[in-house]
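First up is the structure itself, then whatever we jot down about it.
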Amino acid sequence: MTDNTPETSFFLRNEFLIRRVHSLLGIVPLGLYMVVHLTTNASFLTGTETFQRAVYLIHSPGELLPVIEWALIFAPLVFHAAIGIWISKTGRDNSQQYKFTSNRRYMLQRVTGVVALVFLFFHILHLHGWFHAEFWIDGVRALGFANFRPYNAGSTLAMAMNGYIWPTFYLIGVLSCVYHLANGLWTAGITWGLWISPAGQGRASKICVAFGAILAVISLTAWWAAVAPGDKDIAEMKKVEDRMHKVALEAGFIADMPEKQWVIESEGESNSSDAKADDSAKSDDDGGEKEAENLELSSPDGSGL
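This is the structure:
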């Protein structure tokens, strides 16, 4: 018997189109964004300045950035994930009965898809807090999330990766994403009819393996750049980032958005105290000048008149 519920019948009627849109979104924009994102993070290994300049460029749209994120990243991701879950639930895994490489790849594609989805869910929460609303960010930061500050990109990323749990979680999650994308390219080519023959699939498989290996190296470089710095390194990073922030702000390269900067309260209080001390000293100097001026005006010999 056939299940004729509205939801099932809708997917069955439009399965040809849905699967193609699903595979296309997995490559553009999601796969492309992933490559750019990992490459940008890998640049962190070359120095704080390089990474910070790249993050400045990404965040240069300012208040328009959330619109771009939802249109080109989050909305495609939600659709791709939802359809991926539907495909996993309706598909049949025969890798146990038939020990073929393609069957194992199909099974791993489903497993890494689930792992990648869980990883991205917590990755966005851990570093960005999901939403940009101030009340929400304040709440999740109190719980230890939303740790990343774009204007102090390197230092806050390194602090967020402190310990053992988060680095292990990111290592597994990122490598799962890499496999899911590399193998997804191969399956997308079959879905779109780019390689149908066994010979064509064999050549495509070699290309996708090479692509996955290169992307894995890039992802491991990005991972190591984030987990390697110690407390002393983080302190030096913050000095560099604060200096770059001042220059970039004066040049108009970035918008004045305090929520994107990591500010140490004690440092702010110290700066405030220094400012008060400077004002007090200036007041004393002005008072001394006025007193000397009065004495001069009132001198007995009239030389001050």
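My numbering numbers the first residue of the sequence shown as -17 and each following residue consecutively. Built from N, CA and C at the ideal position, the CB exists for glycine as well. Here the structure is a predicted model, which is why all the values come from computation and not from measurement.
C-alpha distance - residue i paired with residue j, whole-angstrom precision
| i | j | result |
| --- | --- | --- |
| Gln183 | Trp168 | 8 Å |
| Cys159 | Gly66 | 14 Å |
| Arg131 | His110 | 8 Å |
| Ser120 | Asn144 | For clarity, residue 120 is Asp in the given sequence; the question names Ser instead. Roughly 21 Å between the two C-alpha positions. |
| Tyr161 | Leu39 | 28 Å |
| Trp112 | Ile106 | 6 Å |
| Phe235 | Glu51 | 20 Å |
| Leu301 | Phe151 | The structure shown does not extend to residue 301, since the chain is modelled only from -17 through 287, so no value can be given for it. |
| Arg(-5) | Phe104 | 34 Å |
| Arg123 | Asn129 | 7 Å |
| Ile0 | Thr72 | 14 Å |
| Asp290 | Glu116 | The structure shown has nothing for residue 290, since the chain only spans -17 to 287. |
| Gly270 | Val245 | Caution applies to Gly270, whose pLDDT of 49 falls short of 50 and renders its modelled position unreliable; the value that the coordinates give is listed next. Those two C-alpha atoms are separated by around 37 Å. |
| Ile189 | Arg87 | 15 Å |
| Ala233 | Ala181 | 56 Å |
| Trp174 | Asp238 | 46 Å |
| Phe26 | His114 | 24 Å |
| Phe(-8) | Ser179 | 31 Å |
| Thr94 | Thr83 | 16 Å |
| Glu(-3) | Ile69 | 10 Å |
| Gly29 | Ser42 | 20 Å |
Collapsed DSSP secondary structure at residue i in the structure displayed
| i | result |
| --- | --- |
| Leu20 | helix |
| Ala263 | Summary for Ala263: the model assigns pLDDT 48, below 50, so the residue's position carries little reliability, and this model does not support an answer. |
| Met141 | helix |
| Trp148 | helix |
| Asn(-4) | coil |
| His41 | coil |
| Met219 | helix |
| His114 | coil |
| Phe127 | coil |
| Leu202 | helix |
| Val49 | helix |
| Met226 | helix |
| Arg2 | helix |
| Val245 | coil |
| Asp213 | helix |
| Ala237 | coil |
| Leu163 | helix |
| Trp168 | helix |
| Ile178 | coil |
| Gly95 | helix |
| Gly194 | helix |
| Pro132 | helix |
Cβ-based neighbour list, residue i, same chain, cut-off 6 Å, excluding 5 preceding and 5 following
| i | result |
| --- | --- |
| Ala24 | Ile200, Thr203 and Ala204 |
| Pro211 | Ala140 |
| Phe127 | Leu107, His108 and Gly111 |
| Ala177 | The question names Ala, but residue 177 in the sequence shown is Trp. Closer than 6 Å at Cβ, skipping near neighbours: Gly171, Gln183 and Ala186. |
| Leu54 | Pro11 |
Spatial neighbours of residue i in its chain, beta-carbon cut-off 7 Å, leaving aside the 5 residues before and after
| i | result |
| --- | --- |
| Leu153 | Trp205 |
| Gln243 | Arg131, Tyr133, Asn134 and His227 |
| Met16 | Cys159 and Leu163 |
Sequence-distant residues of the same chain with beta carbon closer than 8 Å to residue i, five excluded per side
| i | result |
| --- | --- |
| Phe193 | Ala164 and Leu167 |
| Ala57 | none |
| Val191 | Ala164 |
Contact with chain B by residue i, beta-carbon distance below 8 Å
| i | result |
| --- | --- |
| Lys228 | In the structure shown, chain B cannot be found, because there is only a single protein chain. |
### Query
Taking contact to mean at least 3 C-beta pairs separated by less than 8 Å, is the segment 190 to 207 in contact with the segment -3 to 7?
no
Three or more beta-carbon pairs under 8 Å between the segment 33 to 53 and the segment 97 to 104, yes or no?
no
Q. Okay, do the segment 205 to 219 and the segment 121 to 139 touch, 3+ Cβ pairs below 8 Å being the bar?
A. yes
Three Cβ pairs or more, each shorter than 8 Å: is that satisfied between the segment 28 to 45 and the segment 225 to 241? yes
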